[in-house]
Each structure stands twice: as structure tokens, then as C-alpha cells.
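**Q** Residue numbers (this note's numbering): 2 to 350. Can you read through this structure? Questions will come right after.
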């Protein structure tokens with residue numbers, strides 16, 4: 002086939018089922034730590050005249066039949082066995098004024114998914130939906146390894162688009178029954194509750210109520226911490242997902258210092274992750290970082306132990322996750338008969 006497949010938001014959503022995506026992201030973390038992936042640093046183009054920026058995220062990933070994983074999903078039929086490799090790049094923006102000025106989303110992404118063997122562009126995908134799905138899956142991987150086994154309550158701070166996939170993904174790895182959603186925007190809270198009230202015991206609550214749950218996901222863009230140490234439960238696992246640029250910071254420093262602190266990538270988290278502010282101020286050092294999630298997946302480091310109290314996963318979002326998600330989306334496009342094939346390079350016979 003000499004045509005490139007165009008997969009829009011609906012196509013990506015249909016093709017990427019969460020259990021399989023969680024396994025693919027788990028393998029991606031492990032491949033990266035094993036040296037079976039290439040991921041140059043995320044690059045930024047700052048556009049202060051438009052109050053926005055562009056970010057490019059390239060990666061190559063080789064997975065060896067799921068051999069890395071030690072999670073409970075290894076025996077699931079949802080795991081996609083077999084060796085595969087993939088390459089791609091995501092081009093994504095953050096333009097906070099888009100909604101008011103142009104009736105456009107603040108964040109939009111486009112993913113180019115390529116065949117590593119010959120560089121043919123296999124697919125162009127909606128990177129926005131892909132990002133939401135893989136971000137939820139990343140939190141689920143961390144939750145699976147770091148949360149208490151009997152976790153049944155989940156707090157979410159921030160009721161934006163990311164909150165939905167956080168709950169969807171994490172409920173795949175823990176039997177979540179009670180959900181507390183906290184946001185200053187009452188309309189967004191109401192929409193979130195409407196979406197999930199038939200599946201969970203869900204209610205609006207304060208930051209303190211959300212933070213006391215067994216699992217907490219924070220998905221806000223704040224630059225001043227909103228989660229105090231005294232609010233966090235004694236054995237709460239926190240997925241810190243909101244910080245994606247310098248200066249952003251959701252959790253009080255004391256939370257980070259008291260926690261088993263796990264990161265996705267040292268360069269990215271110290272530059273633009275949840276730890277970027279205290280790390281660059283010298284409040285937090287490398288000695289305070291327990292390790293990378295990939296090393297836990299590989300078994301090089303322990304996940305949750307009986308001695309652990311609070312745990313934190315600092316997620317910045319990695320290009321390897323986008324490539325793994327694009328792989329899943331592309332592999333299921335033909336069986337689902339979706340997408341639009343077109344002759345991008347003029348090579349079709």
C-alpha cells in the first residue's frame with residue numbers, strides 16, 4: 002500500500018482501546034529505560050507575540066513482544082504480543098488565547114507515524130485525542146505499580162478534558178468505586194459528573210477531599226501549589242499530570258519531599274515537570290527522586306511496598322508514548338475500516 006492513512010479524532014478514539022494502550026505505554030517506558038528507544042529532547046518554538054508556542058516530539062521505539070512487563074496485565078488477552086518497532090513525531094501547540102479569539106482549542110496536535118524501515122509516512126493522526134488517551138494510560142501504568150492494591154477511591158483536581166481519560170484509564174487497573182472531582186468551574190464539574198454518574202459514586206468536592214482519596218490525579222495548569230501536604234492521605238498515590246512547562250507546580254514541596262517520587266524522564270521533569278520549580282531552586286535534588294517508571298516496569302526498582310506512604314508520579318508526557326499510541330491506532334484502523342487513505346507522496350500505482 003503506497004497511501005498514507007488519515008485518522009481523525011473519532012478514528013483514533015475507536016481504534017485505541019484503553020487496556021491495550023496501557024500495555025503499549027508500559028512497554029514503551031520499559032523500552033526507553035532498556036535503551037531500545039531513541040527520544041531526542043522535546044524542542045520548543047516560543048511565540049510570545051501570539052501568547053503561544055509549538056513543541057516537536059520525535060521518537061523511535063522497539064518493543065520485543067512485551068517481554069519487559071511484569072504487571073498484572075501480562076496474562077490479559079489485551080496485550081499485543083509480538084515484536085514491533087515504530088517511529089513518529091508529534092507537532093503540538095499551546096495557545097491559551099485560542100478559545101476566546103479564534104474559537105479553537107488551546108492545544109492541538111498532529112502526529113506523523115512512519116515506517117522505520119523505509120520512512121514511508123504510514124499515517125497522519127489527530128494528536129490531540131492521541132495525547133489525551135496516552136496521558137491517561139501513563140497515569141494508569143504508574144497507578145498499577147505504585148497505588149495500594151485495594152485502592153477504591155479516586156480524587157481528580159481539574160475537570161478539563163484530561164480528567165476524563167484519567168478516570169477511564171485508572172479504573173482499568175484499580176476497582177474505583179468513589180470519585181471526588183474538584184474544580185473552580187462548576188459547569189465543568191457538572192459535565193464531568195454527568196458523564197460518569199452511572200458508573201461511579203461520584204460527587205463534587207474540595208481539593209482536600211480529593212487529595213485524601215487512595216489515588217489522586219492533578220490536571221491543572223497552576224504555577225502556585227494547590228495541594229497542601231496535610232490534605233494528602235497517608236497512602237495516597239498521586240499522578241501529577243498538569244505541569245508541562247517551566248514554572249508550573251501543583252503540589253506543595255513537602256508532598257514531593259515526603260513521597261516515593263517517580264518520574265518519567267529526568268531531563269523533561271526537571272525542565273518542565275511537577276518537580277521543575279523545587280528542583281531548580283535547590284529545594285529538591287536527585288537524591289529525592291526514587292527513580293524512573295521504566296525501571297519499575299523492568300523490575301530494577303520496587304513499586305509499591307508495605308513500607309511506602311505517599312507516592313508521586315511526575316508525568317511530563319514522552320514522545321515514546323505518542324509513538325506507542327499511534328502504533329495501536331494504526332494497527333486497528335484496517336480491521337475497523339476507518340480512516341481516509343490518500344496518495345500523499347504521489348507514489349500510488
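Think of the CB as a built atom: it goes at the ideal place given N, C-alpha and C, for glycine as much as any other residue.
1. Buried or exposed for residue 349, please, with buried defined as at least 16 other CB atoms from any protein chain shown within 10 angstroms of its CB.
2. Taking only the alpha-carbon atoms, compute the straight-line gap between residue 90 and residue 65 and give it to the nearest angstrom.
3. Do the region 184 to 203 and the region 264 to 271 make contact, defined as three or more Cβ pairs closer than 8 Å?
4. Report buried or exposed for residue 47, applying the criterion of at least 16 other Cβ atoms within 10 angstroms of its Cβ.
5. For the region 152 to 168 and the region 204 to 224, state whether three or more C-beta atom pairs, one from each stretch, are separated by less than 8 Å.
6. Does residue 225 pass the burial test, meaning 16 or more other C-beta atoms within 10 Å, or should it be called exposed?
7. If you follow the beta strand (DSSP E) that residue 55 is part of, which residue opens it and which one closes it?
8. What residues match up with residue 38 in a beta bridge as DSSP calls it?
9. From residue 287 to residue 319, what does the alpha carbon distance come to, in whole angstroms?
10. Cα-Cα, which of 62, 341, 137 and 260 is closest to residue 237?
11. Contact between the region 244 to 257 and the region 273 to 284: three or more CB pairs below 8 Å?
12. Ignore the nearest five residues each way along the sequence and tell me which others in residue 148's own chain have a CB closer than 7 Å to its CB.
13. Return the CA-CA distance between residue 123 and residue 62, expressed in angstroms with no decimal places.
14. What's the gap between the Cα of residue 73 and the Cα of residue 26?
15. Beta-carbon within less than 8 Å of residue 189's beta-carbon, same chain only, minus the 5 sequence neighbours each way: which residues are those?
16. Grab me the residues of residue 331's own chain with a C-beta within less than 8 Å of its C-beta, minus the 5 sequence neighbours each way, in chain order.
17. Among the residues of its own chain, which have a CB less than 7 Å from the CB of residue 346, if the five just before and after it don't count?
18. Could you tell me the boundaries of the beta strand (DSSP E) in which residue 6 lies?
19. According to DSSP, is residue 169 part of a helix, a strand, or is it coil?
20. Can you name the start and end residues of the beta strand (DSSP E) that residue 158 belongs to?
21. Is residue 335 helix, strand or coil by DSSP?
22. Let's see if you can read the secondary structure: which residues bound the alpha helix (DSSP H) around residue 144?
23. Just mark residue 140 as buried or exposed, buried being the case when its beta carbon has 16 or more other beta carbons within 10 Å.
24. Within 10 angstroms of its Cβ, does residue 77 collect 16 or more other Cβ (buried), or is it exposed?
25. Among 12, 33 and 220, which residue has its Cα nearest to the Cα of residue 337?
26. Tell me the rounded alpha-carbon separation between residue 133 and residue 284.
27. Residues in the same chain with beta-carbon distance under 8 Å from residue 233, minus the five sequence neighbours each way, listed in chain order, please.
28. Take residue 109 as the anchor and find which of 98, 235, 282 and 118 has the nearest alpha-carbon.
29. Using DSSP's beta-bridge definition, name the partner residues of residue 179.
30. Taking only three categories from DSSP, how would you classify residue 238?
31. Tell me the DSSP bridge mates of residue 122?
32. Beta-carbon within less than 7 Å of residue 241's beta-carbon, same chain only, minus the 5 sequence neighbours each way: which residues are those?
33. Need the endpoints of the alpha helix (DSSP H) that residue 191 sits in, please.
34. For the putative contact between residue 294 and residue 142, defined by C-beta atoms under 8 Å, what is the C-beta separation to the nearest angstrom?
35. For the alpha helix (DSSP H) containing residue 254, list its first residue and its last residue.
36. Tell me which residues share the same chain as residue 289 and place their Cβ nearer than 8 Å to its Cβ, disregarding the 5 neighbours each side in the sequence.
**A** Per the coordinate set shown:
1. In the chain shown, residue 349 corresponds to position 348, counting from 1. Exposed, since its Cβ has fewer than 16 Cβ neighbours within 10 Å.
2. Residue 90 sits at position 89 when you count from the first residue of the chain shown. Residue 65 sits at position 64 when you count from the first residue of the chain shown. Cα to Cα, the separation comes out at about 21 Å.
3. no
4. The residue labelled residue 47 in the question sits at position 46 within the chain shown. Under this definition residue 47 is an exposed residue.
5. yes
6. Here residue 225 refers to the residue found at position 224 of the chain shown. That one is exposed.
7. As a first step, residue 55 must be located in the chain shown, where it is residue number 54. Element bounds for residue 55: 53 to 65.
8. Counted from its first residue, the chain shown places residue 38 at position 37. Looking at the DSSP assignment, residue 38 forms a beta bridge with 62.
9. Indexing the chain shown from 1 puts residue 287 at position 286. Indexing the chain shown from 1 puts residue 319 at position 318. Near 20 Å, if we compare the C-alpha coordinates of residue 319 and residue 287.
10. Residue mapping note: residue 237 aligns to position 236 of the chain shown, counting from 1. The shortest C-alpha separation from residue 237 is found at 260.
11. yes
12. For this step, residue 148 is matched to residue 147 along the chain shown. Taken in chain order, the residues that qualify are 175, 215, 216, 238 and 305.
13. Residue mapping note: residue 123 aligns to position 122 of the chain shown, counting from 1. Residue mapping note: residue 62 aligns to position 61 of the chain shown, counting from 1. Taking the straight line from one Cα to the other gives about 15 Å.
14. Counting from one through the chain shown, the residue named residue 73 turns up at place 72. Counting from one through the chain shown, the residue named residue 26 turns up at place 25. Low confidence applies to residue 73: its pLDDT is 40, below 50, so where it sits in the model is not reliable enough to give any reading.
15. As a working mapping, residue 189 is identified with position 188 in the chain shown. Result list for residue 189: 160 and 161, in chain order.
16. The sequence position of residue 331 within the chain shown is 330, counting from 1. Within the same chain, residue 331 has close Cβ partners 6, 8, 16, 114, 123, 124 and 126.
17. Position 345 of the chain shown, counted from the first residue, corresponds to residue 346. Same-chain partners within the cutoff: there are none.
18. As a working mapping, residue 6 is identified with position 5 in the chain shown. From DSSP, the beta strand (DSSP E) with residue 6 extends over 5 to 8.
19. Within the chain shown, numbered from 1, the residue matching residue 169 stands at position 168. Of the three classes helix, strand and coil, the one that applies to residue 169 here is helix, per DSSP.
20. Position 157 of the chain shown, counted from the start, is the residue given in the question as residue 158. Unbroken beta strand (DSSP E) run through residue 158: 154 to 158.
21. Position 334 of the chain shown, counting from 1, holds the residue named residue 335. Secondary structure at residue 335: coil, using DSSP grouped into helix, strand and coil.
22. Here residue 144 is taken as the residue at index 143 of the chain shown, counted from 1. Run containing residue 144: 128 to 147, per the alpha helix (DSSP H) assignment.
23. Taking the chain shown and counting its residues from 1, the one referred to as residue 140 is at position 139. By the 10 Å Cβ count, residue 140 comes out buried.
24. Within the chain shown, the letter at position 76 stands for residue 77. Because residue 77 sits at a pLDDT of 43, beneath the cut-off of 50, its placement in the model cannot be relied upon, and the point is left open.
25. Translated into positions along the chain shown, residue 337 becomes position 336. The candidate whose alpha carbon is nearest that of residue 337 is 12.
26. Within the chain shown, the letter at position 132 stands for residue 133. Within the chain shown, the letter at position 283 stands for residue 284. So the alpha carbons of these two residues sit roughly 31 Å apart.
27. Walking along the chain shown from the start, residue 233 turns up at place 232. Result list for residue 233: 212, 213, 217, 239, 256 and 311, in chain order.
28. Taking the chain shown and counting its residues from 1, one reaches residue 109 at position 108. The residue with the shortest Cα to Cα distance from residue 109 is 98.
29. Locating residue 179 in the chain shown gives position 178, where the first residue counts as 1. The partner list for residue 179 (beta bridge, DSSP) reads 154 and 202.
30. Along the chain shown, one-based indexing puts residue 238 at 237. In this structure, residue 238 counts as strand in the three-state DSSP scheme.
31. Residue numbering aside, residue 122 sits at position 121 when the chain shown is read from its first letter. Answer is 115, bridged to residue 122.
32. Taking the first residue of the chain shown as position 1, residue 241 is located at position 240. Cβ within range, chain order: 219, 251, 252, 275, 313, 314, 315 and 316.
33. The residue labelled residue 191 in the question sits at position 190 within the chain shown. Element bounds for residue 191: 187 to 197.
34. As a first step, residue 294 must be located in the chain shown, where it is residue number 293. As a first step, residue 142 must be located in the chain shown, where it is residue number 141. Between residue 142 and residue 294 the Cβ distance is about 7 Å, and since that is below 8 Å, they are a contact.
35. As a position in the chain shown, residue 254 is number 253, starting the count at 1. Looking at the DSSP string, the run of the alpha helix (DSSP H) that includes residue 254 is 254 to 259.
36. Here residue 289 refers to the residue found at position 288 of the chain shown. So the list reads 257, 258 and 262, once near-sequence residues are dropped.
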